[in-house]
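Notes follow the structure.
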Amino acid sequence: MAFAASLVVAPVATASTTLQPVTPAAANLDAFAPMQPAADADVAQLNAQIHERVRTFQGLSGIAVKAIDRGWEAGWRADRLFPQQSVSKLWVSLAALDLSDQGKLDLNRRVTLDRNDITIWSRGTTAKILAGGYTKSLDELLYDALVKSDNHANDRLLREVGGPEAIRGMITSKGLGPIRFSEGERIMQSKIAGFAWDQSLATGNRWNEARARVPAAQRSAAFNHYVADPYDGAAPIAIARALARLEQGELLSPAATAKFLTTMGMATTGRLRIKSGLKPGWSWAHKTGTGQVYAGRVAGVNDVGILTAPDGTGYAIAILTVSDGGQPGAQALMRDVARMVIDHHERHEGRAYTL
Numbered sequence: 000m001a002f003a004a005s006l007v008v009a010p011v012a013t014a015s016t017t018l019q020p021v022t023p024a025a026a027n028l029d030a031f032a033p034m035q036p037a038a039d040a041d042v043a044q045l046n047a048q049i050h051e052r053v054r055t056f057q058g059l060s061g062i063a064v065k066a067i068d069r070g071w072e073a074g075w076r077a078d079r080l081f082p083q084q085s086v087s088k089l090w091v092s093l094a095a096l097d098l099s100d101q102g103k104l105d106l107n108r109r110v111t112l113d114r115n116d117i118t119i120w121s122r123g124t125t126a127k128i129l130a131g132g133y134t135k136s137l138d139e140l141l142y143d144a145l146v147k148s149d150n151h152a153n154d155r156l157l158r159e160v161g162g163p164e165a166i167r168g169m170i171t172s173k174g175l176g177p178i179r180f181s182e183g184e185r186i187m188q189s190k191i192a193g194f195a196w197d198q199s200l201a202t203g204n205r206w207n208e209a210r211a212r213v214p215a216a217q218r219s220a221a222f223n224h225y226v227a228d229p230y231d232g233a234a235p236i237a238i239a240r241a242l243a244r245l246e247q248g249e250l251l252s253p254a255a256t257a258k259f260l261t262t263m264g265m266a267t268t269g270r271l272r273i274k275s276g277l278k279p280g281w282s283w284a285h286k287t288g289t290g291q292v293y294a295g296r297v298a299g300v301n302d303v304g305i306l307t308a309p310d311g312t313g314y315a316i317a318i319l320t321v322s323d324g325g326q327p328g329a330q331a332l333m334r335d336v337a338r339m340v341i342d343h344h345e346r347h348e349g350r351a352y353t354l
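Letter by letter, the sequence shown follows residues 0 to 354 in numbering that gives the first Met the number 0.
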């Protein structure tokens, strides 16, 4: 424990941290285009409702809604970069399925996770790894990352697809726009807490104990730096556009697209977020993200995905927040936005798609 304690003496140099650029290449301009106000009066009304609702939210929020079939967009601060947290697991899975489509990655290949694969949180998986013989296929790791938001599964899958640089390259090559990808859970979460990761912190309660020893000024500076310029920052409109392209079959093969969306539909996280605002017959294929809490502020309470009406109409939605009031306020915001989109559809969009 003395070694772990030494890790928190010197603060992480957040001010000099080099973030990968989020700038448009020539072939990527559309992804970086600002969200355009809708000319349609009904969509403008939905947009106004969203703007009115965020006035009562305690914290920062970014909201993007994209009608997948009709193409209109609505939202609030949709172009600002917000912390993704586990929303970024989407890009690891997208990269894995893309490599599988290319014949460069066998998702049936089995790997055994050992002590070097242990990261933070997801404690049930930690215990299984320490027991020995924790072997899974890459396909099972993808499932655990998306459905259970398992950090061990995601970080191992990240290694298998080529690491953070491979994810950044995929984001650029597919023209996904202003979406950053950090260094994986262990390194990023430690940096947010104000100290450097070391694998000796992976077991027991050592990581939490190390975080508790970080001086308040050091931890506050690291936390606020992350919120202001997140290492994994993404614009809600970029995420919504990426999800719309996924649904339209532009990012993966038909089989891989179906697999991805089906797996997202099985997610067990975020039951009190958008999912709890749905009406019967509506479905929500999604990924959540939740950040660390410091001084009552949560650096990321997020839910992104594809909302599908009973008539098959789809809406890509990304809601990213930094909540000053814990999770409940952000969850209520998400439920209300979902209900607004559903109400808009039933009033104005559903008729256009009735057979």
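Just so it is clear, CB atoms sit at the ideal spot from N, CA and C, and this is done for glycine as well.
Presumed contact (8 Å Cβ cut-off) between residue i and residue j, rounded CB distance
| i | j | result |
| --- | --- | --- |
| G269 | G295 | In fact, because the Cβ distance is near 21 Å, the residues do not count as touching under 8 Å. |
| A234 | D78 | 5 Å |
| A140 | A126 | The question names Ala, but residue 140 in the sequence shown is Leu. With a Cβ gap of about 17 Å, L140 and A126 do not count as contacting. |
| G58 | D323 | 4 Å |
| L156 | A144 | 6 Å |
| L137 | L89 | With 8 Å as the limit, L137 and L89 do not qualify as a contact, their Cβ atoms being about 16 Å apart. |
| V160 | A94 | 5 Å |
| I67 | G313 | 4 Å |
| A221 | I191 | 6 Å |
| A237 | A30 | 6 Å |
Chain-order list of residues whose beta-carbon lies under 6 Å from that of residue i (same chain, five-residue window excluded)
| i | result |
| --- | --- |
| I316 | V64 and L306 |
| R76 | G61 |
| K135 | none |
| T111 | T134 |
Status (buried if at least 16 other CB within 10 Å, exposed otherwise) for residue i
| i | result |
| --- | --- |
| K173 | buried |
| R108 | exposed |
| G290 | buried |
| N301 | buried |
| G123 | exposed |
| N150 | buried |
| G304 | buried |
| T320 | buried |
| Q330 | buried |
| T262 | buried |
| P214 | exposed |
| A38 | exposed |
| T171 | buried |
| S199 | exposed |
| M265 | exposed |
Proximal residues to residue i (C-beta, below 8 Å), its chain only, five neighbours per side dropped
| i | result |
| --- | --- |
| Q84 | D231, G288, T289, G290, A298, G299 and N301 |
| H80 | Looking at the sequence itself, residue 80 is Leu, so the reference to His does not match. Here the set comprises V21, P177, R179, D228, P229, G232, A233 and A234. |
Own chain residues within Cβ distance below 7 Å of residue i, not counting five before or after
| i | result |
| --- | --- |
| I35 | In the sequence as presented, Ile is not what sits at residue 35; that position holds Gln. These residues qualify, in order along the chain: E72. |
| I117 | T125, I128, H151, A201 and T202 |
Is it true that the stretch 333-342 meets the stretch 41-49, where meeting means three or more beta-carbon pairs spaced less than 8 Å apart? yes
Restricting to runs no shorter than 3 residues, where is the beta strand (DSSP E) found entirely within the stretch 120-150? 133-136
Pick out the complete alpha helix (DSSP H) segments inside the stretch 154-198, 4 residues or longer, and give them in chain order. 163-172 and 184-192
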